[in-house]
């Protein structure tokens, strides 16, 4: 069983980090993972995206054109990638910044104002973690406890951020319920 | 064994340290600059040396200098940077010094692009420098394999007293995958007292060592080249390495592919099987020496009617495959070279087009 998640947004929204945390959480569950970033001139101030492939078998091609799921943090990302998502997948739409819907009838669309939620928590930079919490809760791609443990581990060098990110995960989970 | 999630570039840097290499000279270039970024910090932690050269040409001679002193040394670069290093590489081959060069390929020619490519195949396997010089060329298809090949490259370079190249595409450098660093791949450096210019006070011998590539006497130079040729022939005997996929049963098309591209082909082989189209793959893990016999054997199977080279270059591997197949089967090419990695679906279409032709 293989699943793929694309995280997409502006450079600076923590897109690559969200993907890395999900990949690490899946690795903790002894699953095979690959994290593939977009790298190129478009990263400087433009769109950033990465794909995380999670599988219980060795991953053949890590290049994914049609992911199972999409986490879209800004409008250009939703417009660019909504059509690529496989039927039945989750599309998370950051409704704080995206005034439109995916236009897909065959996916599980989840609209969450992650940037506003993050601002409410006191740090807009946690928007990626709110989105990650909401996405994992909705998709069930890995269990939530493992995700929490991985986030805690990710910020272990910067302890003052742990609590805020834990709150961000929790708010995300609530928003996805 | 515990695993960590690492970017290929960082894992390559760490693997060199784990292999006991404490000398790294480099000049930054996308898509491999993270190796230098990582080692600029990590080398100081382990008491090693990281020095950014003023150019790739300078770097290649820093490598030559350290290697001539008997030190384990390596560099990383990407396509245009490797071109600049090729003069130094030829000198290092000529002077028979061990060193490791990592090329994380980007699209070319010229400045080309920065996205994944395999367009330096011919340069790496046949034209790495002027003169009769060759390098052992290893081609990883995953971050884990890149780690293992880097660790193996140092003892191989010492075995042959010749540089070894790790040829990866941009994706191998940029992708993160779980890796573990196997202690058993760490091989102590060979004793270099009989040739390295390490200083008379560091060794028991009273013999003066001289490292050079200049041989003005034609007979001596000819003998030197015959000696180098014997080493390259020995590589052909001892260092062929490849993997086969789905070669057990009958198949109509044999795919030959390496690096990231071979992983895409693996997905294509599986998906074609689901459509009752049987294909198989030989994946060279070492590109020079090329797995001629393995490709010949797989292509010679009676069910096999076509051989397809799938590469992110414009058919550069086709000649090696044709040479291996010896005219028994037609050899075709499919690939892209702009930085976009072909998808499994595109490979499947190429296979199906062949079968309908």
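Residue numbers (the working numbering), protein chains in the order written: chain A, 1 to 177; chain B, 178 to 534. Positions of the beta carbon are idealized from the N, C-alpha and C atoms, including for glycine.
- Within the region 40-104 of chain A, complete beta strand (DSSP E) segments of at least 3 residues are found at 47-55, 69-72, 90-94, given in chain order.
- Runs of the beta strand (DSSP E) spanning 3 or more residues and lying entirely within the region 350-390 of chain B occur at 353-356, in chain order.
- Residue 291 of chain B sits in coil when the DSSP states are folded into three classes, being neither helix nor strand.
- For residue 443 of chain B, the chain A residues whose Cβ falls inside 8 Å of its Cβ are 60, 61, in order along the chain.
- Taking a beta-carbon distance threshold of 8 Å, residue 253 of chain B does not count as an interface residue toward chain A.
- In this structure, B/241 is the residue among B/193, B/194, B/241 with its C-alpha nearest to the C-alpha of residue 389 of chain B.
- No Cβ-Cβ contact shorter than 8 Å links residue 197 of chain B with residue 219 of chain B.
- Nearest to residue 431 of chain B by C-alpha distance, out of B/387, B/437, B/478, B/468, is B/478.
- For the region 412-424 of chain B, there are no residues whose beta carbon sits under 9 Å from a beta carbon of chain A.
- Identification of residues in the region 510-523 of chain B having a C-beta nearer than 7 Å to some C-beta of chain A yields 518, 520, 521, given in sequence order.
- Following the DSSP letters along the chain, one finds residue 307 of chain B in no alpha helix (DSSP H), marked with neither H nor E.
- Around the beta-carbon of residue 317 of chain B, 16 or more other beta-carbon atoms lie within 10 Å, marking it buried.
- Using a Cβ distance threshold of 8 Å, residue 442 of chain B and residue 284 of chain B do not count as a contacting pair.
- For residue 323 of chain B and residue 111 of chain A, the gap between their C-alpha atoms comes out near 40 Å.
- The DSSP assignment places 419-422, 430-433, 456-461, 463-465 as complete runs of the beta strand (DSSP E) inside the region 402-475 of chain B, in order along the chain (cut-off: 3 residues).
- Contact of residue 351 of chain B with chain A by beta-carbon distance below 8 Å involves 36, 37, 39.
- Residues of the same chain with their beta carbon placed closer than 6 Å to that of residue 397 of chain B are lacking, with the five preceding and five following residues left out of the count.
- DSSP places residue 280 of chain B outside any alpha helix (DSSP H); the residue lies instead in the beta strand (DSSP E), whose first and last residues are 277-282.
- With the criterion set as a beta carbon lying under 7 Å from some beta carbon of chain B, the members of the region 4-30 of chain A are 20, 23, 24, 27, in sequence order.
- Here residue 185 of chain B has 320, 323, 349, 350, 352 as same chain residues with Cβ atoms under 6 Å from its own Cβ, once five neighbours each way along the sequence are excluded.
- Residue 502 of chain B sits away from residue 486 of chain B, with the two beta carbons spaced by 8 Å or more.
- When the beta-carbon positions are compared, residue 465 of chain B and residue 313 of chain B come within less than 8 Å of each other.
- Listed along chain B, the residues sitting closer than 9 Å to residue 33 of chain A by beta-carbon distance are 182, 353, 354, 355.
- Sixteen is the threshold: when 16 or more other Cβ atoms of the shown chains lie within 10 Å of the Cβ of residue 69 of chain A, as they do, the residue is buried.
- Classified as exposed, residue 1 of chain A has fewer than 16 neighbouring CB atoms from the shown chains inside 10 Å of its CB.
- By alpha-carbon distance to residue 173 of chain A, the top candidate from A/88, A/76, A/139 is A/139.
- Not one beta carbon of chain B lies nearer than 8 Å to the beta carbon of residue 125 of chain A.
- Under a criterion of Cβ atoms nearer than 7 Å, the residues of chain B adjacent to residue 65 of chain A are, in order, 520.
- Secondary structure remark: continuous beta strand (DSSP E) runs of at least 3 residues inside the region 196-281 of chain B, in chain order: 200-203, 226-229, 251-254.
- At a cut-off of 8 Å between beta-carbon atoms, residue 283 of chain B makes no contact with chain A.
- Taking a cut-off of 8 Å on C-beta distances, the region 19-38 of chain A does not touch the region 327-343 of chain B, as fewer than three cross pairs fall below it.
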